[in-house]
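Participant: Quick note, the sequences are listed as chains S and D, same order.
Numbering of the first sequence is given in the working numbering, commencing with residue 1 and proceeding in unit increments.
Numbering of the second sequence is given in the working numbering, commencing with residue 1 and proceeding in unit increments.
Okay, handing you the structure first.
Number of protein chains: 2
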Amino acid sequence: MELDARKMRILQAIIDDYILTASPVGSRTIAKSTDIGLSSATIRNEMSDLEEMGFLEQPHTSAGRIPSDKAYRLYVDSIMRRSQLSRDELSFISEHYSKKLGEVDDIVKQTAFVLSSVTRYASMVLSPRLHTARLRYIHLVGLGEGKALLLIVTDSGLTRDSLIRIPYGMEQSELERISLMLNAKLSDCRLDDIMASRMDDIAGELGEHARFLNSIIKSLGESLEQKAKRVELSGAMNLLSLPEYSDVDRAKDILSVMEKGDALYEMLKGREDVEFTIKIGHENELSSMKDCSVVTATYKIGSEPIGTFGVIGPTRMNYPKVLAVMGHIGRTLSETLTNMLDEERK
Amino acid sequence: MELDARKMRILQAIIDDYILTASPVGSRTIAKSTDIGLSSATIRNEMSDLEEMGFLEQPHTSAGRIPSDKAYRLYVDSIMRRSQLSRDELSFISEHYSKKLGEVDDIVKQTAFVLSSVTRYASMVLSPRLHTARLRYIHLVGLGEGKALLLIVTDSGLTRDSLIRIPYGMEQSELERISLMLNAKLSDCRLDDIMASRMDDIAGELGEHARFLNSIIKSLGESLEQKAKRVELSGAMNLLSLPEYSDVDRAKDILSVMEKGDALYEMLKGREDVEFTIKIGHENELSSMKDCSVVTATYKIGSEPIGTFGVIGPTRMNYPKVLAVMGHIGRTLSETLTNMLDEERK
DNA sequence: AGTTAGCACTCGATGAAGATGAGTGCTAAC
DNA sequence: GTTAGCACTCATCTTCATCGAGTGCTAACT
Chain S
1 MELDARKMRI LQAIIDDYIL TASPVGSRTI AKSTDIGLSS ATIRNEMSDL EEMGFLEQPH
61 TSAGRIPSDK AYRLYVDSIM RRSQLSRDEL SFISEHYSKK LGEVDDIVKQ TAFVLSSVTR
121 YASMVLSPRL HTARLRYIHL VGLGEGKALL LIVTDSGLTR DSLIRIPYGM EQSELERISL
181 MLNAKLSDCR LDDIMASRMD DIAGELGEHA RFLNSIIKSL GESLEQKAKR VELSGAMNLL
241 SLPEYSDVDR AKDILSVMEK GDALYEMLKG REDVEFTIKI GHENELSSMK DCSVVTATYK
301 IGSEPIGTFG VIGPTRMNYP KVLAVMGHIG RTLSETLTNM LDEERK
Chain D
1 MELDARKMRI LQAIIDDYIL TASPVGSRTI AKSTDIGLSS ATIRNEMSDL EEMGFLEQPH
61 TSAGRIPSDK AYRLYVDSIM RRSQLSRDEL SFISEHYSKK LGEVDDIVKQ TAFVLSSVTR
121 YASMVLSPRL HTARLRYIHL VGLGEGKALL LIVTDSGLTR DSLIRIPYGM EQSELERISL
181 MLNAKLSDCR LDDIMASRMD DIAGELGEHA RFLNSIIKSL GESLEQKAKR VELSGAMNLL
241 SLPEYSDVDR AKDILSVMEK GDALYEMLKG REDVEFTIKI GHENELSSMK DCSVVTATYK
301 IGSEPIGTFG VIGPTRMNYP KVLAVMGHIG RTLSETLTNM LDEERK
């Protein structure tokens, strides 16, 4: 059996309707609602074919049909057309990025908020990753006996700090000296190079403090790793307004997953190299997400993809709109960060 | 009418039962379940009295009774007895605090997680406040044209950073000079003093940069304010398992509020001066919380109360357990932070 | 007096029976 | 190949009766 233009047309109509109403759509609805010029009986036959081909499913005999994951896949790949954002949406978004300079964390948070507000689904935003960043400043601040705070600032203005143990009796002046030396040696080095092992030559200069230095690096690495996994979640409760989650148990299943930062991180990580990814239903790794779709996109600083963000919604998500929103927010976010942090690279 | 010992006893039995079952409790249940030695008829009379006095409510004529907010108030004030944590709970908690030194943010996050896991309600934790903290280190790091990052570290090892504008053409060496001067002048000053206006004498020394300095302070203040309002939320989805939220709309009402960080902050702020607060139902400022109870407690660094945390649950919350858990977690958290950051003050 | 047994009554919850209607598949005619 | 017509399916809604937990009241008991 072949998927001709007419079947395609009918499938599109069904998907469009289902995205809107969330209830199984019957042949008569399609016959009437569109200018397709076919009777319900004909459409019925076509729908029967589409079901056989795996694009439609029937909840029970006397219900209409709903699109399968396969249908959505076809839809996003070949059928749907990009949609435009409304004037209101555009101004809502730009409004939220026109504020004064803030901290990167705030912008990340803001982005999550805007994304979930405009899409009315759940959104998540991963912080900019740092391993390609370069070190601009490093400093050790003594804190009482045996402890110090390690501060670093990257060239793009992101900071990390990490509490470390230092040898007892070490003076602040000694910390100063080490800080200066670290700055001299490490400035403008990429963080992942530093992590790797470019420390050997420095260790020599420090003499007795070589072991201490290792602990600094290790601690820094752990801290970076930890922080990089922080995901900002927003609008999870939007999902409760959708009919598919009118049953509390369903809602609990999906929302509980979203409460786990790890799970969100897994959905977002390692997707910096593609502009968009769309995972529909069973295409998600997590089986608890098999009734959801997850769309991710990337943002950049300068021309370097530096982070990802995503939307979680039902498989009958309004893909055209979500993609339009994410494209626009991705650009806006990238511009904002680039202007804010890194005018040279632009 | 008087609230004699017997009425009290009956009320306690009703509350205990209702906390457990969440369904209206009738006179027979009480007569049988306790060793109170009274017939259901007698208890019925007493219950009728208790209702008249405002301690009980009847959802409809032929249902049992449920405790009113007033009853819970009496219960937490006079009736209930502290409960003990189980061995498992204690070890679960200490396990999560025995990890290596981390960052304060992580500990806050961890606390929220532990608190919601043990209570099975929603928990929230406010970050340590900084205005009573003293400045240990301040530094300006230049970032490309016209921008710099302001870093501060408090005596307890907490950091804040804030992106600021600097006059165009200002050199890194100039920033160094200002940083040194700021350090010399401001070290060991309380942050709120700095915010207030102890800057006048410094402004003089800076000459032409006086206006610039003002913007630094202003930006720092805003950054502190912002960050101080961050509330870590955890376990919100636990509420979905409770029968009172088996209706999605109810659940949405309450969970949507919790998604707003501001709202949580309002519940937690300004409660550092009392060990515990308990707000039952209508006692909460937010009307959307009128079916919930919010319990807050404080934690300290050294002997200084420095932050608050709380639990949100239904009014039929298991108060004895929640208080026991919060007491224990508060102590553990205080110890952890104190050991970690601030051995002198201990 | 206070307590209790007994009883009529209330009212939500449960469930069965029937009606409704959206939707299908199939057949036969166009 | 398309469509009208029709019998059939099945979730959903409505109605109605039943059930039972729980009440308030009264009268008897201690």
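Heads up, the beta-carbon is just placed ideally off N, CA and C, and yes, glycines get one too.
From residue 3 of chain D to residue 236 of chain S, what distance separates their C-alpha atoms?
Facilitator: Indexing the second sequence from 1 puts residue 3 of chain D at position 3. Indexing the first sequence from 1 puts residue 236 of chain S at position 236. Their backbone Cα atoms lie some 46 Å apart in a straight line.
Participant: Along the chain, which unbroken stretches of the alpha helix (DSSP H) at least 4 residues long are found entirely within the segment 108-185 of chain S?
Facilitator: Within the segment 108-185 of chain S, no complete alpha helix (DSSP H) segment of 4 residues or longer occurs.
Participant: What residues from the segment 108-139 of chain D come within 7 Å of chain S, judged by C-beta to C-beta, listed N to C?
Facilitator: Listed in sequence order: 136, 137, 139.
Participant: Determine the direct distance from the alpha carbon of residue 12 of chain S to that of residue 37 of chain S, and round the result to whole angstroms.
Facilitator: Residue numbering aside, residue 37 of chain S sits at position 37 when the first sequence is read from its first letter. Residue numbering aside, residue 12 of chain S sits at position 12 when the first sequence is read from its first letter. Approximately 15 Å between the Cα atoms of the pair.
Participant: Chain S beta carbons: is any one of them nearer than 8 Å to that of residue 41 of chain D?
Facilitator: The residue labelled residue 41 of chain D in the question sits at position 41 within the second sequence. Not closer than 8 Å to any Cβ of chain S, the Cβ of residue 41 of chain D fails to qualify, so no.
Participant: Output yes if chain S places a C-beta closer than 8 Å to the C-beta of residue 263 of chain D; else output no.
Facilitator: In the second sequence, the residue the question calls residue 263 of chain D occupies position 263. Residue contact check for residue 263 of chain D against chain S: no CB pair falls below 8 Å.
Participant: According to DSSP, simplified to helix, strand and coil, what is residue 230 of chain D?
Facilitator: Residue 230 of chain D sits at position 230 when you count from the first residue of the second sequence. The answer is coil: DSSP assigns residue 230 of chain D none of H, G, I, E or B.
Participant: Quick check: what's the CA-CA separation for residue 310 of chain D versus residue 72 of chain D?
Facilitator: Here residue 310 of chain D corresponds to residue number 310 of the second sequence, with the count starting at 1. Here residue 72 of chain D corresponds to residue number 72 of the second sequence, with the count starting at 1. Approximately 18 Å, taken between the alpha carbons.
Participant: Beta-carbon within less than 7 Å of residue 116 of chain D's beta-carbon, same chain only, minus the 5 sequence neighbours each way: which residues are those?
Facilitator: Counting from one through the second sequence, the residue named residue 116 of chain D turns up at place 116. Closer than 7 Å at Cβ, skipping near neighbours: 122, 123, 234, 235, 238.
Participant: What are the residues of the segment 150-162 of chain D that lie near chain S, defined by any Cβ-Cβ distance shorter than 7 Å?
Facilitator: With the criterion set as a beta carbon lying under 7 Å from some beta carbon of chain S, the members of the segment 150-162 of chain D are 151, 153, 157, 159, 161, 162, in sequence order.
Participant: Work out the CA separation of residue 84 of chain S and residue 88 of chain D for me, nearest whole Å.
Facilitator: As a position in the second sequence, residue 88 of chain D is number 88, starting the count at 1. As a position in the first sequence, residue 84 of chain S is number 84, starting the count at 1. Per the coordinates, the alpha-carbon of residue 88 of chain D lies some 56 Å from the alpha-carbon of residue 84 of chain S.
Participant: Since I believe residue 268 of chain S is in contact with residue 126 of chain S (beta carbons under 8 Å), could you give me their beta-carbon distance rounded to a whole number of angstroms?
Facilitator: Position 126 of the first sequence, counted from the first residue, corresponds to residue 126 of chain S. Position 268 of the first sequence, counted from the first residue, corresponds to residue 268 of chain S. Between residue 268 of chain S and residue 126 of chain S the Cβ distance is about 5 Å, and since that is below 8 Å, they are a contact.
Participant: For residue 338 of chain S, which three-state DSSP category applies?
Facilitator: Here the question's residue 338 of chain S lines up with position 338 in the first sequence. DSSP places residue 338 of chain S in helix when its eight states are reduced to three.
Participant: List, in chain order, every chain D residue whose beta-carbon is nearer than 9 Å to that of residue 240 of chain S.
Facilitator: Residue mapping note: residue 240 of chain S aligns to position 240 of the first sequence, counting from 1. Those within 9 Å of residue 240 of chain S in chain D are 248, 249, 251, 252, 255, 256.
Participant: Checking contacts by CB at 8 Å: is residue 236 of chain D closer than that to chain S?
Facilitator: Position 236 of the second sequence, counting from 1, holds the residue named residue 236 of chain D. Interface residue, yes.
Participant: Based on the DSSP output, what are the partners of residue 61 of chain S in its beta bridges?
Facilitator: Numbered from 1 along the first sequence, position 61 holds the residue referred to as residue 61 of chain S. According to DSSP, residue 61 of chain S bridges with nothing at all.
Participant: Let's see if you can read the secondary structure: which residues bound the beta strand (DSSP E) around residue 299 of chain S?
Facilitator: As a first step, residue 299 of chain S must be located in the first sequence, where it is residue number 299. Its beta strand (DSSP E) spans residues 292-301.
Participant: Pick helix, strand or coil for residue 212 of chain S, following the three-state DSSP scheme.
Facilitator: Against the first sequence, residue 212 of chain S aligns to sequence position 212. Of the three classes helix, strand and coil, the one that applies to residue 212 of chain S here is helix, per DSSP.
Participant: Give the secondary structure of residue 3 of chain D by DSSP, where H, G and I count as helix, E and B as strand, and everything else as coil.
Facilitator: By one-based count along the second sequence, residue 3 of chain D stands at place 3. Residue 3 of chain D: coil per DSSP, three-state reduction.
Participant: Applying the criterion that 16 or more other CB atoms from any shown protein chain within 10 Å of the CB defines a buried residue, is residue 274 of chain D buried or exposed?
Facilitator: Sequence index remark: in the second sequence, residue 274 of chain D carries index 274 (1-based). Looking at its Cβ environment, which holds fewer than 16 other Cβ atoms inside 10 Å, residue 274 of chain D is exposed.
Participant: On a CA-only basis, which of S:130, S:187, S:45 is nearest residue 305 of chain S? Give me that one, please.
Facilitator: Here residue 305 of chain S refers to the residue found at position 305 of the first sequence. Nearest in C-alpha terms to residue 305 of chain S, of all of S:130, S:187, S:45, is S:130.
Participant: Note down, in chain order, each residue of its chain lying with its Cβ closer than 7 Å to the Cβ of residue 193 of chain D, except the 5 sequence neighbours on either side.
Facilitator: If you number the second sequence from 1, residue 193 of chain D lands on position 193. Around residue 193 of chain D: no qualifying Cβ.
Participant: Going along the chain, which residues of its own chain have a beta-carbon closer than 7 Å to the beta-carbon of residue 264 of chain S, five neighbours each way excluded?
Facilitator: On the first sequence, residue 264 of chain S is found 264 positions in, with the first residue counted as 1. Cβ neighbours of residue 264 of chain S beyond the five flanking positions: 124, 231, 233, 258.
Participant: Could you tell me the boundaries of the beta strand (DSSP E) in which residue 311 of chain S lies?
Facilitator: Residue numbering aside, residue 311 of chain S sits at position 311 when the first sequence is read from its first letter. Segment 304-314, the beta strand (DSSP E) holding residue 311 of chain S.
Participant: Tell me whether residue 254 of chain D sits in a helix, a strand or coil according to DSSP, three-state version.
Facilitator: Within the second sequence, residue 254 of chain D is the residue found at index 254, counting from 1. It is helical.
Participant: Where does the unbroken alpha helix (DSSP H) through residue 29 of chain S begin, and where does it stop?
Facilitator: For the purposes of this step, residue 29 of chain S is identified with residue 29 of the first sequence, where counting begins at 1. Membership of residue 29 of chain S in the alpha helix (DSSP H) is indicated by the continuous run 27-33.
Participant: Note down, in chain order, each residue of its chain lying with its Cβ closer than 7 Å to the Cβ of residue 120 of chain S, except the 5 sequence neighbours on either side.
Facilitator: Within the first sequence, the letter at position 120 stands for residue 120 of chain S. Short of 7 Å from the beta carbon of residue 120 of chain S, and not among the five residues preceding or following it, lie these beta carbons of its own chain, in chain order: 238.
Participant: Sorted by chain position, which residues of the same chain lie with C-beta nearer than 6 Å to residue 188 of chain S's C-beta, five sequence neighbours on each side aside?
Facilitator: In the first sequence, counting from the first residue as 1, residue 188 of chain S sits at position 188. Cβ within range, chain order: 134.
Participant: Counting contacts by CB-CB distance shorter than 8 Å, is residue 173 of chain D in contact with chain S?
Facilitator: Residue numbering aside, residue 173 of chain D sits at position 173 when the second sequence is read from its first letter. False, the Cβ-Cβ gap to chain S never drops below 8 Å.
Participant: Would residue 248 of chain S and residue 248 of chain D be called neighbours here (beta carbons separated by less than 8 Å)?
Facilitator: Along the first sequence, read from residue 1 onward, the residue named residue 248 of chain S stands at position 248. Along the second sequence, read from residue 1 onward, the residue named residue 248 of chain D stands at position 248. Cβ atoms of residue 248 of chain S and residue 248 of chain D: closer than 8 Å.
Participant: Does DSSP classify residue 67 of chain S as helix, strand or coil?
Facilitator: The count along the first sequence starts at 1 and reaches residue 67 of chain S at position 67. Correct three-state label for residue 67 of chain S: strand.
Participant: Consider the Cβ of residue 94 of chain D: report whether some Cβ of chain S lies at a distance smaller than 8 Å.
Facilitator: In the second sequence, residue 94 of chain D corresponds to position 94, counting from 1. Not an interface residue.
Participant: Is residue 43 of chain D helix, strand or coil when you go by DSSP?
Facilitator: Within the second sequence, numbered from 1, the residue matching residue 43 of chain D stands at position 43. Of the three classes helix, strand and coil, the one that applies to residue 43 of chain D here is helix, per DSSP.
Participant: Can you name the residues of chain S whose CB is closer than 8 Å to the CB of residue 106 of chain D?
Facilitator: Here residue 106 of chain D refers to the residue found at position 106 when the second sequence is read from its first residue. The answer, in chain order, is 226.
Participant: Determine, using beta carbons only, whether residue 74 of chain S comes closer than 8 Å to chain D.
Facilitator: Within the first sequence, the letter at position 74 stands for residue 74 of chain S. Chain D, which has no Cβ nearer than 8 Å to the Cβ of residue 74 of chain S, makes this no.
Participant: Taking DSSP's pairing of strands, which residues face residue 190 of chain D in a bridge?
Facilitator: Indexing the second sequence from 1 puts residue 190 of chain D at position 190. D:134.
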